[in-house]
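A short write-up of the structure that comes next.
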Amino acid sequence: MTDTADPAALAQTAAAPATIQNYPMPSIYTASSVFSLKADNKAIPVISYLADYDYAQFSFSGTVNIEVTANEPITSFSISPQAKNIKGTVNGNKLTFSLSSSTYVIVKINDWKKKMVIAADPLETDIPPSSGAGIYNVTASPYNADKTGTSMASDAIQQAIDDAHQAGGGVVFVPAGVYKSGNLTLKSNVTFYLAGGAVIVGTGKGEDYVIDFRKDSRNADGTYFIRTAVDSSNITIRGRGTIDGKGIAMRERKMPAPHKNEGFLNNLLVPIATTNFTFDGLILRDAGFWSFMVVRSDHVTIKNLKGFQDLYKIENDVIDINESQDVLVQHAIGISDDDTFSTKTWLQTGMSKGWPGALEHLENVVFDDAFAWTRCAAFKIGMGVAQPQIGVTIRNSYVYQSARALLVDHGYQYNTLPEEGYAQDITFENIDIERVGINQFGNYWLGVSTSTSGDVSNVILKNINVRETGSQKSRLSGNASKGGMVNGVTFTDVYVGGKLATNLNDLNVTTNNNVNGVIFANSTSPLFSDNFEDGNTAGWTTVTGGWTVPTDGTNKVLSSGSQTTTSLITANSGNSWTDYTYEARMKMPITDANAGMVFRVQDANNYYMYRINSSNKKLELYKSVNGRLTSVTSTTFTAKEKQWYTVKAVIQGNKITCYVDGKLKMEWTNPATELTAGGIGFRTTSAGVHFDDALVTAPAPI
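Positions in the sequence shown are counted from 1; adding 166 to them yields the working numbering.
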């Protein structure tokens, strides 16, 4: 995309400059050699991280102008989430765009593997003082924690936490700097504040940490780097600092005897058996294993989370909510090889063997405004469903990349409890799925299944935009041998490749016999639809040409016949439809051909036309007024012969937006008020052009 910035947005920027909080780059990190960044002309540190991405962080309010500078000229770019429709403009090796609210974005330049992640956080409005009553500054006397990263600082930091707790509460203040640390335990009524530029970093050596669990699948022991005390309450950890576990180094390094010559695992942050826990604003980096693990806790609020993991180390989830209740995860970005956002319930075995208290179910967990980049599942309920999972909602969220985007995976088959767990009342709402392009444990956009006798019930998918479906069929799947059912799956306003889904075929989804109650409950019925399976042109008016309805493969289609002069067919000509979306599929028999859709058709001489013209390798938009056909805009496009294309036009007032296969191709606004209402149709000057699946919907979704 190389769209021009909205002039109105630029005017707003000039009128309302942003307030920006910038943070120093920690001394243990190096600057990116690929990208640099400015926010309203203020240089923001860009940290060199992994082969796939570097990242930057700042906080702001108002409207900020972002300038990304690449180390080579920019020939193409994308800014994700694409659903936010962030417009950018390029000048040489600089990309500029604006943000008016806290947004986590992924910028792709050219065809580079390395992306740039920009964590534009909300402005910090509650920064505590570094000293004073109730403030426990870890670098001040009597703690004197080393902030250079030279010596271990964890004893000093833990003493500050303990003192604040013993005093009945307080703020443990960690200034900018590097703090090499062993295990830390957060305690009741304590706020643990990491200032921007502060890093609590692991040693990379497992022998420096206590053993909290055994992970058999990795053949390794592991630790809770920072955890809460059992039966604690009212703990807050916040700021714009970083927790860096050096987890990959720890996982890959063989520990010395007597530690079994194994690697060691690191959970970065573990609220366990706690209540009223709050997290806000930190970066969790390089856990090497599950990064943020909430365990048997309730009333947990997690905001402005940045989970930055390796993209090629399995079992390195960003956040897992385990056997907990009343949890909100709001405004987060998760990048990992394994699942980014997940809920689980387990037995008292394996890595959960030492969890305190009795088994618990999971209930009322919400992920809101979460952005996922993963090589596994983006949003996943399960696979641990040993206990019930009730009321999990994923809403207002985005998938940048995944192998499986949305997943309810009742797949844990070793439950020894008298009664199998179940998943119930699961909602996916307002989600945009950009890419499902990786095959790791499967490659499909949706999975709702059970591999046990436990059921999955009442799954709702509402307002979902699926730009890619994956290379495999998605599935709704009960378990015939064990009796597990999938009961009740409702699809409301799910778009696949820009087309409103009205059946499972549209979704590229299959089912088996242990699935009941699949419902499509779209909010509005189509204004018009015809798939021509009735074998005739009823409802259409032939204006010119010899239109027929032959069979193409197994489907009936509309064909322009043998005529090589203008063929025009319309439906509801002269209708009062004003704003609507018109989409259809088209296929041309040869490269020297054209296929067009017409809309706002008033009569045979007055309409708009959007067409594929393969003879001159263009997409073209025309208007016909009183029989005079005028080209108004076009763009390059190379169409293949005998290939189906889904073509869509969105008409809103005088503005027309044109798509092919769900991808925006061109926009045009008519400066004159004309062709304000009307029906639809097809037009071509080529023989043997096929059309199918005509659909008109309103209001007009983009």
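For each residue, glycine too, the CB sits at the ideal point set by N, CA and C.
Segment limits, beta strand (DSSP E) that includes serine 885: No answer is possible for residue 885: the residues shown for the chain start at 167 and end at 868.
Sub-8 Å separation of glycine 388 and phenylalanine 430 beta-carbons: For glycine 388 and phenylalanine 430, yes; Cβs fall inside 8 Å.
Glutamine 606 in three-state terms, based on DSSP: DSSP places glutamine 606 in the coil class of the three-state scheme, outside both helix and strand.
Helix, strand or coil at histidine 856 [DSSP, three-state]: Reduced to three states, the DSSP call for histidine 856 is strand.
Contact under 8 Å by Cβ, aspartate 700 with alanine 860: No. Outside cutoff.
Straight-line gap, isoleucine 556 to alanine 589 (C-alpha atoms, nearest Å): Approximately 6 Å, taken between the alpha carbons.
Strand pairing of lysine 814, partner residues [DSSP]: Bridge partners of lysine 814: Glu749, Tyr825.
Status (buried if at least 16 other CB within 10 Å, exposed otherwise) for aspartate 382: Taking every protein chain shown into account, the CB of aspartate 382 has fewer than 16 other CB atoms within 10 angstroms, so this residue is exposed.
Sub-8 Å separation of leucine 670 and valine 660 beta-carbons: Cβ atoms of leucine 670 and valine 660: not closer than 8 Å.
Chain C contact for alanine 761 (CB, 8 Å cutoff): The chain labelled as chain C is not found in the depicted structure, where only one protein chain is given.
Alpha-carbon spacing of lysine 648 relative to valine 558, whole angstroms: The straight-line gap from Cα to Cα measures roughly 25 Å.
contact_flag[the stretch 594 to 614, the stretch 628 to 644] where n(CB pairs < 8 Å) is 3 or more: Yes, the stretch 594 to 614 touches the stretch 628 to 644.
Complete beta strand (DSSP E) runs within the stretch 293 to 325 (minimum length 3 residues, chain order): 301 to 303, 314 to 318, all fully within the stretch 293 to 325.
Where alanine 330 falls: helix, strand or coil (DSSP): Correct three-state label for alanine 330: helix.
Integer-rounded CB distance, given that threonine 850 should sit under 8 Å from serine 733: The C-beta distance from serine 733 to threonine 850 rounds to 5 Å, short enough to fall under 8 Å.
Sufficient close CB pairs (3 or more, under 8 Å) joining the stretch 598 to 610 to the stretch 557 to 571: Because the criterion of three Cβ pairs below 8 Å is met, the stretch 598 to 610 and the stretch 557 to 571 touch.
Where leucine 673 falls: helix, strand or coil (DSSP): Three-state DSSP puts leucine 673 in a helix.
Residue of Thr676, Val709, Met763, Val655 minimising C-alpha distance to phenylalanine 686: Of Thr676, Val709, Met763, Val655, the residue nearest in Cα terms is Val655.
CA-to-CA distance, tyrosine 773 to arginine 794, given in whole angstroms: Roughly 10 Å separates the two Cα atoms.
Contact belief for valine 337 with proline 294 at Cβ below 8 Å, rounded distance in angstroms: Contact annotation, valine 337 with proline 294: C-beta distance approximately 5 Å; criterion of less than 8 Å satisfied.
The stretch 361 to 379 touching the stretch 392 to 406, judged by at least three CB pairs closer than 8 Å: With the cut-off at 8 Å, the stretch 361 to 379 and the stretch 392 to 406 touch.
Pick from Pro554, Glu586, Ala439, Ser490 that is closest to tryptophan 521, judged by C-alpha positions: Residue nearest to tryptophan 521 within the set Pro554, Glu586, Ala439, Ser490 is Ala439 (criterion: CA-CA distance).
Which of helix, strand or coil DSSP assigns to glutamate 699: Residue state, collapsed to three classes: coil.
Residue of His576, Tyr825, Thr262 minimising C-alpha distance to valine 273: Checking every option, the nearest Cα to that of valine 273 belongs to Thr262.
Beta-carbon proximity check, asparagine 482 vs serine 508, cutoff 8 Å: No, they are not a contact pair.
Candidates Thr394, Asn605, Leu627, of which the one nearest aspartate 591 by Cα: Selected option, being the one with the closest Cα: Leu627.
Complete runs of the beta strand (DSSP E) confined to the stretch 213 to 289 [at least 3 residues]: Listed in chain order, the complete beta strand (DSSP E) runs (minimum 3 residues) inside the stretch 213 to 289 are 219 to 227, 230 to 236, 243 to 246, 254 to 257, 260 to 265, 269 to 275, 281 to 288.
Residue range of the beta strand (DSSP E) that includes glycine 585: Before going further, note that residue 585 is glutamate rather than glycine in the sequence given. The continuous stretches of beta strand (DSSP E) do not include glutamate 585, and DSSP gives it neither H nor E.
Test item: CB-CB of glycine 844 and asparagine 741 under 8 Å: Asparagine 741 is positioned such that its CB atom lies closer than 8 Å to that of glycine 844.
Those runs of the beta strand (DSSP E) which lie wholly inside the stretch 364 to 442 and span at least 3 residues: 364 to 367, 379 to 381, 386 to 394, 398 to 405, 408 to 410, 430 to 436, all fully within the stretch 364 to 442.
Cβ separation of isoleucine 323 and leucine 350, assumed to be a contact under 8 Å, to the nearest whole Å: That belief holds up - the Cβ atoms of isoleucine 323 and leucine 350 are roughly 6 Å apart, short of 8 Å.
8 Å Cβ cutoff met for valine 396 and phenylalanine 339: No Cβ-Cβ contact shorter than 8 Å links valine 396 with phenylalanine 339.
Simplified DSSP state of serine 202, which is helix, strand or coil: DSSP places serine 202 in strand when its eight states are reduced to three.
Whole beta strand (DSSP E) elements within the stretch 739 to 784, 3-residue minimum: With a minimum length of 3 residues, the unbroken runs of beta strand (DSSP E) contained wholly in the stretch 739 to 784 fall at 746 to 753, 760 to 769, 772 to 779.
Own chain, CB closer than 8 Å to leucine 176, minus 5 neighbours either side, in chain order: Note that leucine 176 scores 33 on pLDDT, short of 50, meaning its location in the model is unreliable; the coordinates nonetheless yield the value given after this. These residues qualify, in order along the chain: Ser264.
Three or more C-beta pairs below 8 Å linking the stretch 453 to 472 and the stretch 226 to 233: Not touching, per the Cβ criterion.
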